[in-house]
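**Student:**
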Amino acid sequence: MMSFVVNLLAVALMGFIVWWFWLARPGAERVSGSGAIEVLVENGVYSPARIEVPQGERVTLSFMRRDPSPCAEKVIFNELDIALDLPLGEKKKVVIGPLSTGEYSFSCQMQMYRGSLVVQS
Amino acid sequence: MTDKNIQLSIGSMSCAGCVASVERALNAVPGVESAVVNFAEHTAEVSGNVAAQALIDAVIAAGYEAAELSGTEEESEEKEAAEFAYYRSLLKKASVAGVVGASLFGMMLLSVMPSLDGGGRIFWAMVAAVSLFVLVYSGGRFFTGAWKAFKGHNANMDTLIALGTGTAWLFSTLILIWPGMVPAEARHLYFEAAVIIIALINLGAALEMRARGKTSEAIKRLIGLQVKTARVVRDGKEIDVPIEQVGLNETLRVRPGEKIAIDGVIIDGHSNIDESMISGEPLPVEKQVGDEVVGGTLNKSGTFLFSATRIGKDTALARIIEMVRQAQNSKPAIGRMVDKIAGVFVPVVLLLAVVTFLVWFNFGPEPKAAYVLLTTMTVLIIACPCALGLATPISIMVGVGKAAEYGVLIRNGEALQRAGQITTVVLDKTGTVTEGQPAVTNLIPAANWDEARLLSVAASIETGSEHPLAEAIVAAASERNFSLSSAEGFEAIAGHGVRAQIDGRAVLFGNRKLMDDHSIALSELPTEAARLAANGETPMYLAVDGAAAGIVAVADPIKADSKAAIARLHKIGIKVVMLTGDNAATAAAVANQVGIDEVIAEVLPADKSAKVAALQTSGEVVGMVGDGINDAPALARADVGFAIGTGTDVAIESADVTLMRGSLHGVADAIAISIATVRNIKQNLFGAFIYNSLGIPIAAGILFPLFGILLNPIVAGGAMAMSSLTVVTNANRLRLFKPEGAQS
Chain A
446 MMSFVVNLLA
456 VALMGFIVWW
466 FWLARPGAER
476 VSGSGAIEVL
486 VENGVYSPAR
496 IEVPQGERVT
506 LSFMRRDPSP
516 CAEKVIFNEL
526 DIALDLPLGE
536 KKKVVIGPLS
546 TGEYSFSCQM
556 QMYRGSLVVQ
566 S
Chain B
380 MTDKNIQLSI
390 GSMSCAGCVA
400 SVERALNAVP
410 GVESAVVNFA
420 EHTAEVSGNV
430 AAQALIDAVI
440 AAGYEAAELS
450 GTEEESEEKE
460 AAEFAYYRSL
470 LKKASVAGVV
480 GASLFGMMLL
490 SVMPSLDGGG
500 RIFWAMVAAV
510 SLFVLVYSGG
520 RFFTGAWKAF
530 KGHNANMDTL
540 IALGTGTAWL
550 FSTLILIWPG
560 MVPAEARHLY
570 FEAAVIIIAL
580 INLGAALEMR
590 ARGKTSEAIK
600 RLIGLQVKTA
610 RVVRDGKEID
620 VPIEQVGLNE
630 TLRVRPGEKI
640 AIDGVIIDGH
650 SNIDESMISG
660 EPLPVEKQVG
670 DEVVGGTLNK
680 SGTFLFSATR
690 IGKDTALARI
700 IEMVRQAQNS
710 KPAIGRMVDK
720 IAGVFVPVVL
730 LLAVVTFLVW
740 FNFGPEPKAA
750 YVLLTTMTVL
760 IIACPCALGL
770 ATPISIMVGV
780 GKAAEYGVLI
790 RNGEALQRAG
800 QITTVVLDKT
810 GTVTEGQPAV
820 TNLIPAANWD
830 EARLLSVAAS
840 IETGSEHPLA
850 EAIVAAASER
860 NFSLSSAEGF
870 EAIAGHGVRA
880 QIDGRAVLFG
890 NRKLMDDHSI
900 ALSELPTEAA
910 RLAANGETPM
920 YLAVDGAAAG
930 IVAVADPIKA
940 DSKAAIARLH
950 KIGIKVVMLT
960 GDNAATAAAV
970 ANQVGIDEVI
980 AEVLPADKSA
990 KVAALQTSGE
1000 VVGMVGDGIN
1010 DAPALARADV
1020 GFAIGTGTDV
1030 AIESADVTLM
1040 RGSLHGVADA
1050 IAISIATVRN
1060 IKQNLFGAFI
1070 YNSLGIPIAA
1080 GILFPLFGIL
1090 LNPIVAGGAM
1100 AMSSLTVVTN
1110 ANRLRLFKPE
1120 GAQS
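Chains as they are written, first to last, in my numbering: chain A, 446 to 566; chain B, 380 to 1123.
#1: What in chain A is Cβ-close to S1102 of chain B, meaning under 8 angstroms?
#2: Please list the segments of the alpha helix (DSSP H) lying wholly inside the stretch 1062 to 1097 of chain B, counting only runs of 4 or more residues, in order along the chain.
#3: Which whole runs of the alpha helix (DSSP H) in the stretch 824 to 871 of chain B are 4 residues long or more, in chain order?
#4: Could you tell me the boundaries of the beta strand (DSSP E) in which P499 of chain A lies?
#5: Quick one: what's L822 of chain B bridged to in DSSP?
#6: Is the number of C-beta pairs between the stretch 725 to 739 of chain B and the stretch 668 to 678 of chain B that are closer than 8 angstroms three or more?
#7: So with Cβ pairs under 8 angstroms, would you call E999 of chain B a contact of chain A?
#8: Consider the Cβ of A1110 of chain B: report whether some Cβ of chain A lies at a distance smaller than 8 angstroms.
#9: Hey, does A399 of chain B have any beta-carbon neighbour from chain A nearer than 8 angstroms?
#10: For V408 of chain B, decide whether its Cβ has a neighbour in chain A, counting only Cβ atoms nearer than 8 angstroms.
#11: Answer with yes or no whether the minimum CB distance from R589 of chain B to chain A is below 8 angstroms.
#12: Tell me the residue span of the beta strand (DSSP E) that contains M957 of chain B.
#13: Can you tell me whether DSSP reads Q880 of chain B as helix, strand or coil?
#14: Quick check: the stretch 798 to 813 of chain B against the stretch 826 to 834 of chain B, are at least 3 beta-carbon pairs closer than 8 angstroms?
#15: Taking the beta strand (DSSP E) that S492 of chain A falls in, what are its first and last residues?
#16: Would A590 of chain B and V1019 of chain B be called neighbours here (beta carbons separated by less than 8 angstroms)?
#17: On the three-state DSSP scale, how would you describe V563 of chain A?
#18: Where are the beta strand (DSSP E) runs, 3 residues long or more, that stay fully inside the stretch 598 to 622 of chain B, in chain order?
#19: Below 8 angstroms on the Cβ atoms is my guess for V611 of chain B versus I690 of chain B; work out the distance and round it to an integer in Å.
#20: Are there three or more Cβ pairs, one per stretch, closer than 8 angstroms when the stretch 408 to 418 of chain B is compared with the stretch 464 to 477 of chain B?
#21: Do G477 of chain B and the ligand GDP come close, with the Cβ less than 7 angstroms from some heavy atom?
#22: Answer with yes or no whether the minimum CB distance from R704 of chain B to chain A is below 8 angstroms.
#23: Quick check: T917 of chain B and A934 of chain B, are their CB atoms within less than 8 angstroms of each other?
#24: On a Cα-Cα basis, can you pick out the residue from A:E524, A:C516, A:V540 and A:F449 that is closest to L531 of chain A?
#25: Quick one: which chain A residues come within Cβ less than 9 angstroms of Y465 of chain B?
#26: Going along the chain, which residues of its own chain have a beta-carbon closer than 8 angstroms to the beta-carbon of M557 of chain A, five neighbours each way excluded?
#27: Within 8 angstroms (strictly less), CB to CB, does V451 of chain A reach chain B?
#28: What are the residues in the stretch 525 to 536 of chain B lying within 9 angstroms of chain A by C-beta distance?
#29: By Cβ distance below 8 angstroms, which residues in the same chain neighbour V956 of chain B in space, the five residues on each side in sequence not counted?
#30: What does a CB cutoff of less than 8 angstroms around K679 of chain B pick up in its chain, not counting 5 residues either side in sequence?
#31: Do the CB positions of T1056 of chain B and G714 of chain B come within less than 8 angstroms of each other?
#32: Mind listing the chain A neighbours of L729 of chain B? Cutoff is C-beta to C-beta under 7 angstroms, in chain order.
#33: Residues in its own chain within less than 7 angstroms of E548 of chain A by CB, not counting five upstream and five downstream?
#34: For the stretch 484 to 498 of chain A and the stretch 761 to 775 of chain B, state whether three or more C-beta atom pairs, one from each stretch, are separated by less than 8 angstroms.
#35: May I have the straight-line CA-CA distance separating I598 of chain B from G780 of chain B, to the nearest angstrom?
#36: Check the C-beta distance from T523 of chain B over to F529 of chain B and give it rounded, since I have them as a contact under 8 angstroms.
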């Protein structure tokens, strides 16, 4: 019985991992209108990590790096060919768009800090 | 755009009254919060959410000049200070964890640890508390990072470390509290493993950070070239001022042995200037009045005055730094593919850890609990996505920096990767293989003509032409003080020559085709022309009123190092083709002298791109080398476009590769560095893939059924900490790379 429960829990855990990391969408910060969207780089993550913006608008992202790890020193938007150096404790802005609908990921060089910019119609 | 204040240098402010006008112009720009102009320093400090270019445009519209001042050096110093502080904090954390871990480990080896029974439990409770302190102090950031990433549906390196060490500590503590939950033989505690793993990972991160600092040495070297003060001439007096206070068009004095502060044009004096730090050109360059000087280069001998033409972020050096920075941040296709794998790596490892757990739980030997914990923890600890993610960018960083040391500016990672795959290099002739400064070498008049009249008429018709050969003919006539007549109805016939009316007579000047098209009888002249062409000279026919007047031959000396550079390209198996508008015989003569494999001559400028396309269709990966202006379409068409001989003017930012000096060695250097960088990336990727694809199964216990081998989690922690460091160290090897046959 014990063995069955442990197996069941382990399989459930695998299901949870797949659901949580691949299938479920993280909560997004929805943005419209003007003004910069603040993205905090701290403790190995971007906050918010998912930013939803309307299609056809220019977006200003303002990255504030509080994480001293060298992994955090760059943010790269691969699909948009944008790379930004993030000095520690300083805001760095990037103006993006207007973009067509879709999801544009941004990350550190090693893909450990990950975020996405979702352009919605 | 940043939230930082923007500093501008303001030019053409003649009186204090201008201050108000400039401030008004700046304040009118949307987003500006405040703008303060300093008349004494000719600077403006603007704060607000606004682009520097908008401010510059506003100042120019108000009738003044402006440029953004660079703060690159300060940025770099601040960055270094922050990095050093972090490095020290990592070492401190590693030391604390190391001391605790080593003490526990030593006691275990000496078998002085008490058992879990009776009084021993108090001792172990204290160990648990101390370990918890270490996990929080030295490893707290892994737990915070893991939790934050988890909340954002993400998993990273921190997730693996936190889960691995956290599970070890938690499991050990549970056994401590309820020893009966597992059989006696499974009651092993892993406090020391958790602590040592945290120590090793912090130590690895500190060492990696140190090694990483070296990868950006090239950019630091460029930043270090920037000068802090300049000697300006104001009201007849020479005063030293901070570089930020130098305005456009100000006059600066440079003495022997001093660095040139910013870009400008010499207005008095002459000197030899060492530009090797920027262009890679090893020999000093002689400069005189009217010549451009570049900030950051070294004045060797004379003293001179120059007028500032570019300041702040507009200087060649500042733009080079920006270009190198951008390129270092970019990724080639190979890196983007790896990114996709790195992006899903951690969740996949989490799944593998659960699978490991299930396999050992269901099929493992007793004591199951101990084996399950050991293998699952080791799988989590050994996996290293960082090495994978770091493999490409770190090599690109070093490779692009290395190229910059040789005066080669590579636009991005993609260009770098493609440059390493080139099979054919196409060279433009004039200015690429040759000096691009032709001179008249022979005058062969027809019957009833003499050399003076021949040159005089040829120079008269060429006055209106912008062709480099035309300049040589006009210069030769002016050297001999010939008076020139004006040309009327001037018409350039692309690829053929020119025609015009001079003193009422119809004059044609150009190649054989032009003469044949107009049915000019050339008599013995073609024989002479063939002889000249075989010697590498370009013969041009002059015809007046339908009759041949003679030949003007112009030769463009071959660059001294073209032959050696082409030999280097051959050595790495690259075919070299010359593409030129010049006549076939002259082109063949030049090609023979430098060892070019194939010549495509008499190509109209507009057709160069089509010739490149034809080579590509035949399966060649083409690198086109040209001056970046006339050859722009062909450069764009090629797989990799090399803009050569642009000196320190980095205006040609559209080329894939910009060669700061005029030598073809730059092409060989660029290709050699690209090949070495791509090889380095592949080594890194291979290492990272092999490490993970062997390490994870071994950690999961794949060798246990056959050999009884299980990996110790401490060894896994050490291996993981070293794997990223190995990648960075391997990339650093590129810093020592010297292209074979390179000149500098």
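By construction, the Cβ of each residue, glycine as well, lies at the ideal position given by its N, Cα and C atoms. Predicted model, so just to flag it, every value in this text is computed and none were measured.
**Tutor:** On the basis of the supplied data:
#1: Those do not exist, as S1102 of chain B stays about 12 angstroms from chain A at its closest Cβ, beyond 8 angstroms.
#2: 1083 to 1086
#3: 830 to 841 and 847 to 858
#4: R495 to P499
#5: B:V931
#6: no
#7: no
#8: no
#9: no
#10: no
#11: no
#12: K954 to L958
#13: strand
#14: no
#15: V490 to S492
#16: no
#17: strand
#18: 608 to 613 and 616 to 621
#19: Not confirmed; about 11 angstroms, so no contact.
#20: no
#21: The ligand GDP is not part of this structure, which contains no ligands at all.
#22: yes
#23: yes
#24: A:C516
#25: P513, S514, P515 and L533
#26: G489 and C516
#27: yes
#28: A525, W526, K527, A528, F529, K530, G531, H532, N533, A534, N535 and M536
#29: T803, V804, V805, L806, I975, D976, E977, V978, I979 and L994
#30: P635, G636, S650, N651, I652, D653 and P663
#31: no
#32: I462
#33: S561 and V563
#34: no
#35: 6 angstroms
#36: At roughly 11 angstroms, the Cβ-Cβ gap does not stay under 8 angstroms, so T523 of chain B and F529 of chain B are not in contact.
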